[in-house]
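To start, the structure under review is shown below, and the notes come after it.
Chains as they are written, first to last, in the working numbering: chain A, 332 to 719; chain B, 1206 to 1617.
In structure tokens, the structure reads:
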């Protein structure tokens, strides 16, 4: 089997609801997305949500090769980009190619990817994540209530700008999740808005009211000294890593014991790279948590990791290009079916329709950094969000 | 595909050259093997060699966990076996059992896909660097030069690993002879030396520094005890050569002090460390810490199948281009100093049924077993060069005398 070509399609997704965090609390409901297809001489096509124009400069590395050699091809791509390094746009391109190759490998075996990766069961524990600083109290309650109805017993809320609002909103999440469990897992996420000492002051106050399971990105992604300081200064675990690109960038966080939980995801240069990060964490007795993604496709890898804790489920509705995907949430777990590969099938008509939509503005996502970050806390201004 | 049963077969064989290390300078003349076969309802059989002393543990794992399971789900089943061994820890004999079962399941997974294991694991190139490892303590100076000379001239090996540690003057001489042999293949051979934990850290520093006045050493293997992360690190800080260690560790967790303290510059991995599953985890972890991986000696050079998917793979230990037990067959060839995996589905390591039937035994004799010598007295304390009796036994060659020194003698 040989790789013969690829096709990248970009489109703008209109989400079912806006998403927002401490950097962009008003949120936005438009998201630029893409689909990568990798074609073979045997008519089997690998797909991946994601991909960008850097694929054009990388494709020659894999062209004519057997897609089943995905781990070796990953290395060949990473070595190819050596000088500029496996970061940023190039990293995102390698990630998408890697995912499409894993999809192919599993499809060639006619098995779901979780089995190709050796998992005993196609399932991973889920937690709910609102990415919803923009959501009103009622909307927030409805979100976690809906998640709790699926048996999910943990939630991660976006906070960081106003203690009074945050305590109230954490309480709303807690109340909604208590349908499932008397002491649900409560996580907070500030997306690098604070400095380390702000984080310690802020989280310590929250911990007087709530038992927090982890605090995510309480300092900058690379600040291993600061993250370690936060971890020593609070009771909750510190989670970080989702914005780093590979094992090399994770190295200081792990070796300096700066984090207590590692966020892993497709952004760690694909399934191959995310698995490396997870295995590296496993050697350090660190649990990992899988980052959210369209149709939760990374659950295949989560199911195969010995140290996976629970996977982030956001569910904002970004699967309009997909005809179907073979997983669902049941009793708080993401349960994967037996469809070959990632289990995602595309709807070309829908993709064309999405591409044809004319928009009068650009997507707000990915969010810029909010003023005051790491320095002072810029409170949410009246009218900035619907609920204030 | 479901696992339906298993069998194990023990066998013995005469070795093709006398083998030993710092703990056994007189050497062994017989070896033993254990074959595990894991049966499935699809008619495919998973094969792995090893686990000779682990029959009860293998039975317990198969009957308690693996029967009726799909071996393609090997990573998850590995976790179940490891979790089952939780309280006692998955080391020692239990670890041998898990390892050999894990290998047999990976063999089945790739046989089911009708592809060689290196491809199942995602490798894109089946050709990996290898070096010759003589296990050569009992060999004379001339035999050392001849053996490495053959490895270099006939098989293209450009690196060799010599057993050292008991007699500094002899070691200096023998390294030179190994080098001369390897020069049949290259002007700049990679010279590795291996003391099998015989030294303490300061002994290692003294001896290796002196060796380094004459030779550029590509690594020093196990210059101190396996768990002595402080000592290994200290040695690394004091010599030029990389410190290579890890082959006697059992689990990923055992490596945490190595990683955290940068005790080993080259991490030695094998499928005997809780199977192929754990070897892959280790390679990923080492890659994250920018540490190269070397794969240890393996039946039929099986470890070559793992190397193509390891992003930081350095070189493979080969104790010879073909299995020397007369039973094993291997689809992994040594070509011009490289180990090249073939196209046979699975690990490519199997056996000759007729030879196995002839060499099969009910139980392994002590002299053929895994460790007939134990640790040498004086290890980590004082010099204990080979005795006259040991040297005399070694000189009798592969068909000669098997001799284990009695404890309590003058040098013991």
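Note that CB positions come from ideal geometry on N, CA and C, so glycine has one too. Note that the structure is predicted; figures quoted are calculated from it, not measured.
Cβ neighbour criterion (16 or more within 10 Å) applied to residue 783 of chain A: Past the edges of chain A, shown from 332 to 719, lies residue 783 of chain A, and the structure says nothing about it.
Residue burial classification, residue 373 of chain A (beta-carbon count within 10 angstroms, cutoff 16): Along the first chain, one-based indexing puts residue 373 of chain A at 42. It is exposed - the Cβ of residue 373 of chain A has fewer than 16 other Cβ atoms within 10 Å.
Contact belief for residue 1464 of chain B with residue 1429 of chain B at Cβ below 8 angstroms, rounded distance in angstroms: Reading the second chain from its first residue, position 259 is the one you call residue 1464 of chain B. Reading the second chain from its first residue, position 224 is the one you call residue 1429 of chain B. At roughly 17 angstroms, the Cβ-Cβ gap does not stay under 8 angstroms, so residue 1464 of chain B and residue 1429 of chain B are not in contact.
Strand pairing of residue 1321 of chain B, partner residues [DSSP]: Here residue 1321 of chain B is taken as the residue at index 116 of the second chain, counted from 1. Answer is B/1551, bridged to residue 1321 of chain B.
Residue 550 of chain A beta carbon less than 9 angstroms from that of residue 527 of chain A: Looking up residue 527 of chain A in the first chain gives position 196. Looking up residue 550 of chain A in the first chain gives position 219. Yes. Within cutoff.
DSSP state of residue 1217 of chain B mapped onto helix, strand, coil: Position 12 of the second chain, counting from 1, holds the residue named residue 1217 of chain B. Residue 1217 of chain B: strand per DSSP, three-state reduction.
Pair within 9 angstroms by beta-carbon distance, residue 553 of chain A and residue 567 of chain A: Here residue 553 of chain A refers to the residue found at position 222 of the first chain. Here residue 567 of chain A refers to the residue found at position 236 of the first chain. Their beta carbons are not under 9 angstroms apart, which means residue 553 of chain A does not touch residue 567 of chain A by this criterion.
Cβ-based burial, residue 1228 of chain B [other Cβ within 10 Å; buried from 16]: One-based indexing of the second chain puts residue 1228 of chain B at position 23. The residue is buried, with at least 16 neighbouring Cβ atoms inside 10 Å.
Cβ of residue 603 of chain A within 9 angstroms of any chain B Cβ: Residue 603 of chain A sits at position 272 when you count from the first residue of the first chain. Taking Cβ atoms only, chain B reaches closer than 9 angstroms to residue 603 of chain A, which makes this a yes.
As assigned by DSSP and simplified to three states, the class of residue 654 of chain A: To locate residue 654 of chain A, count along the first chain from 1; it is residue 323. If DSSP states are grouped into helix, strand and coil, residue 654 of chain A belongs with the strands.
Which listed residue (B/1362, B/1372, B/1371, B/1410) has its alpha carbon closest to that of residue 1396 of chain B: Position 191 of the second chain, counted from the first residue, corresponds to residue 1396 of chain B. The residue with the shortest Cα to Cα distance from residue 1396 of chain B is B/1362.
Selected residue, minimal CA-CA separation from residue 1586 of chain B, among B/1345, B/1262, B/1409, B/1219: Reading the second chain from its first residue, position 381 is the one you call residue 1586 of chain B. For residue 1586 of chain B, the nearest C-alpha among the options comes from B/1409.
CB contact below 9 angstroms: residue 431 of chain A versus chain B: The residue you call residue 431 of chain A lines up with position 100 of the first chain. Residue 431 of chain A does not count as touching chain B.
Against chain A: residues of the region 1499-1514 of chain B by CB proximity under 9 angstroms: Residues of the region 1499-1514 of chain B with a C-beta atom less than 9 angstroms from some C-beta of chain A are 1513, 1514, listed in chain order.
Contact set between residue 709 of chain A and chain B, taken where Cβ atoms lie within less than 8 angstroms: Numbered from 1 along the first chain, position 378 holds the residue referred to as residue 709 of chain A. By Cβ distance, chain B contributes nothing, its closest Cβ being about 37 angstroms from residue 709 of chain A, past 8 angstroms.
Ordered list of beta strand (DSSP E) runs contained in the region 1321-1360 of chain B, each at least 3 residues: As far as the region 1321-1360 of chain B is concerned, its whole beta strand (DSSP E) runs of at least 3 residues are 1332-1338.
Within 8 angstroms of chain A by C-beta, residues of the region 1442-1474 of chain B in sequence order: 1457, 1458, 1460, 1461, 1464, 1465
Between the CA atoms of residue 625 of chain A and residue 1222 of chain B - distance to the nearest angstrom: Numbered from its first residue, the second chain carries residue 1222 of chain B at position 17. Numbered from its first residue, the first chain carries residue 625 of chain A at position 294. Rounded to whole angstroms, residue 1222 of chain B to residue 625 of chain A spans 59 angstroms at the Cα level.
Whole-Å CB distance - residue 1439 of chain B paired with residue 1454 of chain B, under 8 angstroms assumed: On the second chain, position 234 is the one that residue 1439 of chain B refers to. On the second chain, position 249 is the one that residue 1454 of chain B refers to. That pair is no contact at about 18 angstroms.
Whole-angstrom distance between residue 479 of chain A and residue 1297 of chain B, CA atom to CA atom: Counting from 1 along the second chain, the entry for residue 1297 of chain B is found at position 92. Counting from 1 along the first chain, the entry for residue 479 of chain A is found at position 148. About 45 angstroms.
8 angstroms Cβ cut-off: residues of chain A touching residue 1330 of chain B: Counted from its first residue, the second chain places residue 1330 of chain B at position 125. Near residue 1330 of chain B (Cβ distances below 8 angstroms), the residues of chain A are 400, 403.
Proximal chain A residues relative to residue 1271 of chain B, where beta-carbon distance stays under 9 angstroms: To locate residue 1271 of chain B, count along the second chain from 1; it is residue 66. Those within 9 angstroms of residue 1271 of chain B in chain A number zero; the least Cβ separation is about 11 angstroms.
DSSP bridge partner residues for residue 619 of chain A (one or two, in chain order): Start at 1 with the first residue of the first chain, and residue 619 of chain A comes out as number 288. According to DSSP, residue 619 of chain A bridges with A/593, A/639.
The region 1317-1334 of chain B contacting the region 1545-1562 of chain B, beta-carbon criterion three pairs below 8 angstroms: yes
Close Cβ partners of residue 454 of chain A (< 7 angstroms) along its chain, the five nearest in sequence each way excluded: For the purposes of this step, residue 454 of chain A is taken as the residue at position 123 of the first chain. If we look at residue 454 of chain A and ignore the five residues flanking it on each side, its Cβ neighbours are 634, 664, 665, 666, 667.
Residue span of the alpha helix (DSSP H) that contains residue 666 of chain A, given as start and end: Position 335 of the first chain, counted from the start, is the residue given in the question as residue 666 of chain A. Segment 664-667 is the beta strand (DSSP E) holding residue 666 of chain A; no alpha helix (DSSP H) there.
Members of the region 620-640 of chain A near chain B, C-beta cut-off 7 angstroms: Going along the region 620-640 of chain A in chain order, one finds 635, 637 with a Cβ nearer than 7 angstroms to chain B.
For residue 539 of chain A, the first and last residue of its enclosing alpha helix (DSSP H): Numbered from its first residue, the first chain carries residue 539 of chain A at position 208. Per DSSP, residue 539 of chain A belongs to no alpha helix (DSSP H) and is neither H nor E.
Contact under 9 angstroms by Cβ, residue 579 of chain A with residue 590 of chain A: The residue given as residue 579 of chain A occupies position 248 in the first chain. The residue given as residue 590 of chain A occupies position 259 in the first chain. No, the pair does not count as a contact, with Cβ atoms beyond the cut-off.
Residues of the region 427-456 of chain A with Cβ closer than 9 angstroms to any Cβ of chain B, in chain order: 432, 433, 436, 439, 440, 442, 445, 446, 447, 448, 449, 450, 451, 452
Meets three-Cβ-pair contact criterion under 8 angstroms: the region 339-351 of chain A and the region 443-453 of chain A: no
Beta-carbon neighbours of residue 1327 of chain B, restricted to chain A and to distances below 9 angstroms: Working through the second chain from its first residue, we reach residue 1327 of chain B at position 122. 399, 400, 401, 402, 403, 404, 405, 432, 433, 436, 603, listed in chain order.
Residue 707 of chain A classed as buried or exposed, judged by whether at least 16 other C-beta atoms fall within 10 angstroms: As a position in the first chain, residue 707 of chain A is number 376, starting the count at 1. Counting Cβ neighbours within 10 Å, residue 707 of chain A comes out exposed, since fewer than 16 surround it.
Cα-Cα separation between residue 1480 of chain B and residue 535 of chain A, rounded to whole angstroms: Locating residue 1480 of chain B in the second chain gives position 275, where the first residue counts as 1. Locating residue 535 of chain A in the first chain gives position 204, where the first residue counts as 1. Cα-Cα distance, rounded: 44 angstroms.
Cβ contact check for the region 611-620 of chain A and the region 593-601 of chain A: 3 or more pairs under 8 angstroms: yes
According to DSSP, residues forming a beta bridge with residue 328 of chain A: Nothing can be reported for residue 328 of chain A, as the shown portion of chain A is limited to 332 through 719.
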